[in-house]
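See below for the structure under consideration.
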Amino acid sequence: MGVSFETLNNTLIIKLNGELDHHSSTYIRDSIDEAILKKNPRNIIFDMSGLNFMDSSGIGVIIGRYKQITSNGGKVGIVSMKPQIKRIYEICGLKRIIPNYDSIKTAIEKL
Amino acid sequence: MGVSFETLNNTLIIKLNGELDHHSSTYIRDSIDEAILKKNPRNIIFDMSGLNFMDSSGIGVIIGRYKQITSNGGKVGIVSMKPQIKRIYEICGLKRIIPNYDSIKTAIEKL
Amino acid sequence: MRVDNEMKLEFLSKSQNESFARSVVAAFAAQLDPTIEEITEIKTAVSEAVTNAIIHGYEYQEGYVTIICRIIENTVEIEVIDKGKGIEDIEKARQPLYTSKPELERSGMGFTVMEAFMDQVDVISELGKGTTVIMKKTFKKEL
Amino acid sequence: MRVDNEMKLEFLSKSQNESFARSVVAAFAAQLDPTIEEITEIKTAVSEAVTNAIIHGYEYQEGYVTIICRIIENTVEIEVIDKGKGIEDIEKARQPLYTSKPELERSGMGFTVMEAFMDQVDVISELGKGTTVIMKKTFKKEL
Ligand SMILES: Nc1ncnc2c1ncn2[C@@H]1O[C@H](COP(=O)(O)OP(=O)(O)O)[C@@H](O)[C@H]1O
Ligand SMILES: Nc1ncnc2c1ncn2[C@@H]1O[C@H](COP(=O)(O)OP(=O)(O)O)[C@@H](O)[C@H]1O
């Protein structure tokens, strides 16, 4: 499991790789919070193109960051979910609060 | 696990695929014996290029066919072993009785 | 009901065993030739139940998690068992968004995910004794 | 000796479970970051011991095979246990080429392969009670 970061304008792009479960969530969460603290972005985008597995622990991580960013007036988007990830995103009702885009470019434009 | 056959001159080429263990050995053995009965080849060559796993049950299958073919004056060769298969071939002493070739072409020439 | 195949797996309640546990169940269920989608569903449901055993059942203390898998015709039956804390109110626990550990950023969606991905989910629990989650899924036969 | 991780797997003595069993042990040992070669060695050794339990221990009758795996630092310890027939003369059984079932085209090389691929192989057996094969392998640490 890995996570890497990139900043574009005022947006932090969080690229998730491998499997996001309860075990990897601690490391992922800490890495993201460190990056947010350091770069102080307005918006964040989760790039899920490299994510192969996610369960509800991953949903918890995403919602936690969502609360943090939106409480500062920022916005959150998700891009490039594989079908299996998209299903859990829908089942868990994330769809209603975090929009999903086809590419990072569209996400940045639309956020 | 699969096995397929081809005949070249008087030689039956036995192509093994997947994993050869005790479980798959029954099916593999029966398929080979049926092909030998039908085509009555002089020599046989095991093409191992598609074989990913083999344990000593596989060695048993090879030795069984070796005894059958050599008792009729024929010869047996092995081609294209992956490193992990080659190690078990060496450890089990098959090396001393069944020669190993780089390609089917060389095997047919040298047998 | 004739059981066609059966296995039982016990492992320490360490979070690194979550991915191990779901791979084992997937490897066992593979004998029914499920689709990739069905395998993902099973892996996710098992991941939820095993994570719950570790976090809620044992509350990060050392204990053993047991998984029993049975194949009966084209159905897989999976039990995930812990001997931990137990659940006081199962009905409440199963409600979407309910979590007893919001401080750990739990989403409260574990049971909802299990129910969405499996055909049947039963929960047996006793306070101080532990919890057993029994999940069933029947694979569609190819025509 | 502190055990860092542990699992126990029980399954029916069906030959289709041979590949399942070796995959499970490989998945568990994966936490030590072994090389592909080391993983193949472990899979092969486990395959030999499990096959022996099914063919020689239970002689194709239904029974349970148990595998216990422990991780202690960078060593994996694997026990393969059957409650079957047992071995009368362990020393003879371990000799290369010795097999009690030549009619099944057994090569008699199972124990030899286990010894070649693992650092240590111990056999405990009692007639009518069953057999336990204990294998150990230490992974080289990367420098
Ligand atoms: N194995 C268990 N042992 C004890 N309590 C459990 C167990 N599994 C679930 N629970 C309880 O049920 C609640 C809901 O579980 P779940 O839907 O998986 O959400 P989450 O894990 O995100 O809290 C948990 O917060 C916990 O209180
Ligand atoms: N689990 C077991 N239970 C009873 N007998 C066994 C067991 N494992 C091995 N043996 C005996 O030891 C012999 C040698 O085993 P092995 O070297 O694996 O060769 P093979 O399986 O080809 O016979 C077997 O033929 C059998 O008589």
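Residue numbers (the working numbering), protein chains in the order written: chain A, 82 to 192; chain B, 82 to 192; chain C, 16 to 158; chain D, 16 to 158. Every residue, glycine too, gets a C-beta built ideally from N, C-alpha and C.
Contacting positions in the region 159 to 179 of chain B - beta carbon closer than 7 Å to chain D: Gln165, Ile169, Ile172 and Cys173
According to DSSP, simplified to helix, strand and coil, what is methionine 133 of chain C? As a position in the third sequence, residue 133 of chain C is number 118, starting the count at 1. Reduced to three states, the DSSP call for methionine 133 of chain C is coil.
Minimum length 3: unbroken beta strand (DSSP E) runs contained in the region 41 to 102 of chain D: 79 to 87 and 90 to 97
Could you tell me whether the Cβ of glycine 155 of chain B comes closer than 9 Å to any Cβ of chain D? As a first step, residue 155 of chain B is located in the second sequence; it is residue number 74 there, counting from the start. No, glycine 155 of chain B does not count as interfacial toward chain D.
Is threonine 66 of chain C near ligand 1, in the sense that its beta carbon is under 8 Å from a heavy atom of that ligand? Here residue 66 of chain C corresponds to residue number 51 of the third sequence, with the count starting at 1. Yes.
Have a look at leucine 47 of chain D and lysine 156 of chain D and give me their C-alpha separation to the nearest angstrom. Within the fourth sequence, the letter at position 32 stands for residue 47 of chain D. Within the fourth sequence, the letter at position 141 stands for residue 156 of chain D. Roughly 9 Å separates the two Cα atoms.
If you check the beta carbons only, do methionine 150 of chain D and alanine 64 of chain D fall under 9 Å apart? Locating residue 150 of chain D in the fourth sequence gives position 135, where the first residue counts as 1. Locating residue 64 of chain D in the fourth sequence gives position 49, where the first residue counts as 1. Going by C-beta atoms, methionine 150 of chain D is nearer than 9 Å to alanine 64 of chain D.
Name the residue from A/Glu190, A/Ile159 and A/Thr187 whose alpha carbon lies nearest to the alpha carbon of lysine 176 of chain A. Numbered from its first residue, the first sequence carries residue 176 of chain A at position 95. Considering only alpha carbons, the answer is A/Ile159.
Could you please give me the residues that DSSP links to serine 38 of chain C through a beta bridge? Counting from one through the third sequence, the residue named residue 38 of chain C turns up at place 23. According to DSSP, which records beta bridges pairwise, serine 38 of chain C is partnered with nothing at all.
Please name the residues in the region 107 to 123 of chain C whose beta-carbon is closer than 7 Å to at least one beta-carbon of chain A, in chain order. Glu120, Arg121 and Ser122
Under three-state DSSP, which class holds isoleucine 182 of chain B? Numbered from 1 along the second sequence, position 101 holds the residue referred to as residue 182 of chain B. Per the sequence shown, residue 182 of chain B should be read as tyrosine rather than isoleucine. Three-state DSSP puts tyrosine 182 of chain B in a strand.
Please list the terminal residues of the continuous beta strand (DSSP E) segment that includes lysine 119 of chain B. Indexing the second sequence from 1 puts residue 119 of chain B at position 38. First-last for lysine 119 of chain B: 103 to 120, but that is the alpha helix (DSSP H), not the beta strand (DSSP E).
Scan the region 82 to 101 of chain C for residues whose Cβ lies nearer than 8 Å to a Cβ of chain D and list them as they occur along the chain. none
Are there 16 or more other CB atoms within 10 angstroms of the CB of lysine 148 of chain B, so buried, or fewer, so exposed? The residue given as residue 148 of chain B occupies position 67 in the second sequence. So lysine 148 of chain B counts as exposed.
Extent of the continuous beta strand (DSSP E) run through serine 130 of chain B: As a first step, residue 130 of chain B must be located in the second sequence, where it is residue number 49. Residues 124 to 135.
Would you give the residue range spanned by the beta strand (DSSP E) that lysine 163 of chain A belongs to? Position 82 of the first sequence holds residue 163 of chain A. Run containing lysine 163 of chain A: none; DSSP gives neither H nor E here.
Neighbourhood of serine 184 of chain B by C-beta, 8 Å cutoff - its chain only, sequence neighbours within 5 removed: The residue you call residue 184 of chain B lines up with position 103 of the second sequence. So the list reads Val160 and Ser161, once near-sequence residues are dropped.
For a test of your reading of the model: does the CB of tyrosine 113 of chain C fall under 8 Å from any non-hydrogen atom of ligand 1? Yes or no. What you label residue 113 of chain C is simply residue 98 of the third sequence in a count that begins at 1. Checking the Cβ of tyrosine 113 of chain C against ligand 1 gives yes.
Neighbouring residues, chain D, relative to serine 184 of chain B (Cβ below 8 Å): On the second sequence, position 103 is the one that residue 184 of chain B refers to. Per Cβ cutoff of 8 Å: no residues; serine 184 of chain B is ~24 Å from chain D at best.
What does valine 157 of chain B pair with, by DSSP beta-bridge criteria? Start at 1 with the first residue of the second sequence, and residue 157 of chain B comes out as number 76. In DSSP, valine 157 of chain B forms a bridge with B/Ile125.
Given glutamate 33 of chain D as reference, the closest of B/Asn98, B/Ser105, B/Lys96 and B/Ile95 once Cα atoms are compared: Within the fourth sequence, the letter at position 18 stands for residue 33 of chain D. Checked all of B/Asn98, B/Ser105, B/Lys96 and B/Ile95; the closest Cα to glutamate 33 of chain D is B/Ser105.
Could you tell me if the beta carbon of alanine 175 of chain D falls within a distance shorter than 8 Å of some heavy atom in ligand 1? Chain D is shown from 16 up to 158; residue 175 of chain D falls before or after that span and cannot be answered.
Rounding to the nearest angstrom, what Cα-Cα distance links valine 136 of chain C and valine 128 of chain C in this structure? The residue labelled residue 136 of chain C in the question sits at position 121 within the third sequence. The residue labelled residue 128 of chain C in the question sits at position 113 within the third sequence. For valine 136 of chain C and valine 128 of chain C, the distance between alpha carbons rounds to 10 Å.
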